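*Asks:*
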Amino acid sequence: MSDAIPDELHRYAESFTSQESDFLQKINRETNTQVPQANMLSGHLQGRFLSMISRMVKPVSILEIGTFVGYSALCLAEGLQEGGVLHTIDKNDELIERCKRYFHEAGMDNKINLHNGDALDIIPTLSGPFDLVFIDADKPNYAAYFDLIIDKVRQGGIIMADNVLFHGETLLLGDKQSNNAKAISAFNRKIAADQRIDKVMLTIRDGLFFMMKK
Ligand SMILES: C[S@@+](CC[C@H](N)C(=O)[O-])C[C@H]1O[C@@H](n2cnc3c(N)ncnc32)[C@H](O)[C@@H]1O
Numbered sequence: 001m002s003d004a005i006p007d008e009l010h011r012y013a014e015s016f017t018s019q020e021s022d023f024l025q026k027i028n029r030e031t032n033t034q035v036p037q038a039n040m041l042s043g044h045l046q047g048r049f050l051s052m053i054s055r056m057v058k059p060v061s062i063l064e065i066g067t068f069v070g071y072s073a074l075c076l077a078e079g080l081q082e083g084g085v086l087h088t089i090d091k092n093d094e095l096i097e098r099c100k101r102y103f104h105e106a107g108m109d110n111k112i113n114l115h116n117g118d119a120l121d122i123i124p125t126l127s128g129p130f131d132l133v134f135i136d137a138d139k140p141n142y143a144a145y146f147d148l149i150i151d152k153v154r155q156g157g158i159i160m161a162d163n164v165l166f167h168g169e170t171l172l173l174g175d176k177q178s179n180n181a182k183a184i185s186a187f188n189r190k191i192a193a194d195q196r197i198d199k200v201m202l203t204i205r206d207g208l209f210f211m212m213k214k
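Residue numbering for the sequence shown follows the working numbering, starting at 1 and increasing by one per position.
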């Protein structure tokens, strides 16, 4: 299944959006030709959105859960304050060297701290407070990630969670949903009910939950 927003509308929105840098374009291109499941990469439109949000927040500390090839990490890192750090976590050993190379080539390896392992084990070792968190790893653990990070996010801090429309599968009845869609639907209900955060579900790409801690 493709993303929730029709391809034509997505491309239309992209065509009116600031360009990716040449370097991000190179990562996008190489990922599409060299890496399985390249559609996991945030891409031009969402990447520019993540960058803009980060430049508005001007974070000192960012946490990303789900690095993949490092595309979204580099977009989010664009807004870091001088001396700020982005922690990003991925358990896929095969992509670590590629990520390190991209972070080095981008001149960002002193600002990005790449953690290789299971996010459920690594998040408790990180102290925060975080100004910005991006949840973009395995869907069944979204709720657990939220519970692990919420007390580490500062008041007024931003939390974003990707794929919350889950290719439109969130509209299906429970017994017709995949396990990932069921997990996302449960996560969405949990977020809607949580009074500690303000939230807006954005219909960008595959759905991006945008939250602010009160
Ligand atoms: C959708 S991709 C991330 C895409 C990236 N944020 C971007 O926008 O370019 C999800 C990543 O989460 C990682 N992942 C899945 N389960 C994980 C876990 N339990 N701990 C850490 N990483 C995990 C996968 O290896 C995969 O690279």
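Cβ atoms here follow ideal geometry from the backbone N, Cα and C, with glycine treated the same way. Just so you know, these numbers come straight off a predicted model, no measurement behind them.
To the nearest angstrom, how far is it from the Cα of Arg-205 to the Cα of Ala-161?
*Replies:* Computed Cα separation, rounded: 12 Å.
*Asks:* Is there at least one non-hydrogen atom of ligand 1 closer than 7 Å to the beta-carbon of Asp-3?
*Replies:* Checking every heavy atom of ligand 1 against the Cβ of Asp-3, none is found closer than 7 Å.
*Asks:* Please determine if the region 114–132 and the region 57–74 are in contact, where contact requires at least 3 C-beta pairs separated by less than 8 Å.
*Replies:* Touching, per the Cβ criterion.
*Asks:* Starting from His-104, follow the alpha helix (DSSP H) in both directions and report where the run begins and ends.
*Replies:* That run of the alpha helix (DSSP H) goes 96–105.
*Asks:* Are Met-108 and Ala-77 close, meaning C-beta to C-beta below 8 Å?
*Replies:* It is a contact, given that the beta carbons lie within the stated cut-off.
*Asks:* Which of the three DSSP states, helix, strand or coil, is assigned to Gly-156?
*Replies:* Reduced to three states, the DSSP call for Gly-156 is strand.
*Asks:* Is it buried or exposed, Tyr-142, if we count other Cβ atoms within 10 angstroms and call 16 or more buried?
*Replies:* Result: buried.
*Asks:* Rounded to a whole number of angstroms, what is the C-alpha to C-alpha distance between Ser-18 and Leu-24?
*Replies:* Whole-angstrom Cα-Cα distance: 12 Å.
*Asks:* Beta carbon of Met-212, beta carbon of Ile-158: below 8 Å?
*Replies:* Cβ distance < 8 Å, so Met-212 and Ile-158 count as in contact.
*Asks:* Once the 5 residues before and after Asp-216 are set aside, which same chain residues still bring their CB inside 6 Å of it?
*Replies:* The displayed coordinates of the chain run from 1 to 214. Any statement about residue 216 would go beyond what the structure contains.
*Asks:* Should the region 43–50 be regarded as contacting the region 89–106, the criterion being three or more beta carbon pairs within less than 8 Å?
*Replies:* Contact between the region 43–50 and the region 89–106 is absent, because fewer than three Cβ pairs lie under 8 Å.
*Asks:* If you drop the 5 nearest sequence neighbours on each side, which residues of the same chain put their C-beta closer than 8 Å to that of Ala-38?
*Replies:* These residues qualify, in order along the chain: Thr-31 and Asn-32.
*Asks:* Buried or exposed: where does Leu-86 fall if 16 or more other Cβ atoms within 10 Å of its Cβ makes it buried?
*Replies:* By the neighbour-count rule (16 or more Cβ atoms within 10 Å), Leu-86 is buried.
*Asks:* Quick check: does the Cβ of Asn-28 come within less than 7 Å of any heavy atom belonging to ligand 1?
*Replies:* Flag unset: Cβ of Asn-28 not near ligand 1.
*Asks:* My guess is that Leu-208 and Val-164 are in contact by the Cβ rule of under 8 Å, so how many angstroms apart are they, rounded?
*Replies:* Right, the Cβ-Cβ distance comes to about 7 Å (below 8 Å), so this counts as a contact.
*Asks:* Comparing C-alpha positions only, which one of Ala-186, Glu-82 and Asn-116 sits nearest to Ala-144?
*Replies:* Answer by Cα proximity: Ala-186.
*Asks:* Alpha carbons only, please: which of Ile-89, Phe-68, His-167 and His-44 is nearest the one belonging to Pro-6?
*Replies:* Closest option to Pro-6, Cα to Cα, is His-167.
*Asks:* Between Ala-192, Ser-72 and Asn-110, which lies nearest to Ser-54 when the distance is taken from Cα to Cα?
*Replies:* Of the candidates Ala-192, Ser-72 and Asn-110, the one whose C-alpha sits nearest the C-alpha of Ser-54 is Ser-72.
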